[in-house]
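Asker:
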Amino acid sequence: MDTTTYQIVIFGKAGCDKCKMLNKRVEKILKKSEWQDFHKVYHDIMTEDGLIDFANAECINPQRIPAFVIKKYDIERKRYEYLASKFPGKYDAVCGGSKLYSYIGVQTDYSSTGTITPKMIQHVLTEAMGA
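Using the working numbering, you'd call the opening residue of the sequence shown number 9 and step up by one each time.
1) Nearest to I112 by CA position, among A65, P126 and I53, is which residue?
2) Determine which residues share a DSSP beta bridge with K107 and list them.
3) Within 8 Å (strictly less), CB to CB, does G104 reach chain C?
4) Please go through the same chain and pick out, in chain order, the residues whose beta-carbon is closer than 6 Å to the beta-carbon of A75, but skip the five residues on each side of it.
5) Sorted by chain position, which residues of the same chain lie with C-beta nearer than 7 Å to S106's C-beta, five sequence neighbours on each side aside?
6) So, under 8 Å CB-CB, S93 and Y109 are touching, yes? Tell me the CB distance rounded to an integer number of Å.
7) Please go through the stretch 35-122 and give each complete alpha helix (DSSP H) segment of 4 or more residues, from N-terminal end onward.
8) Once you ignore the five residues that flank V49 on each side, which residues in its own chain have a CB closer than 8 Å to its CB?
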């Protein structure tokens, strides 16, 4: 098990071009040294295991896939835990309507651009490091 400090948990599904794009963007960002404390985990919500993990996240609208949530490794519990948002419900100028309410992460906002940009990804990773 990879026990880097942070885990980027991506929820997507097979055949989803936006899901592929988000995976590629996250992989590209994680190659940079400032993000060495993060690693990516991908869950396909069309599989049983992926759907269970998605349901356990309890914060993402299934119609707003792809999405991702940040977890942090808890040394005492020896597992990753979702990072709670410090400002639930507060508008975020970078992520806009894509920002999750309860946890640090984003989901796709199809009422605007319909994409999760590299700027949004880096903004969320920075937020996680300050949590």
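Every residue gets a Cβ at the ideal spot worked out from N, C-alpha and C, and that includes glycine.
Answerer: Straight from the coordinates:
1) A65
2) V114.
3) No chain C is present in this structure, which holds just one protein chain.
4) F19, I68 and Q115
5) V114, Q115, T116, D117, I124 and M128
6) That pair is a contact at about 7 Å.
7) 56-65
8) Excluding residues within five positions, the ones whose Cβ falls inside 8 Å are Q15, I16, V17 and I18.
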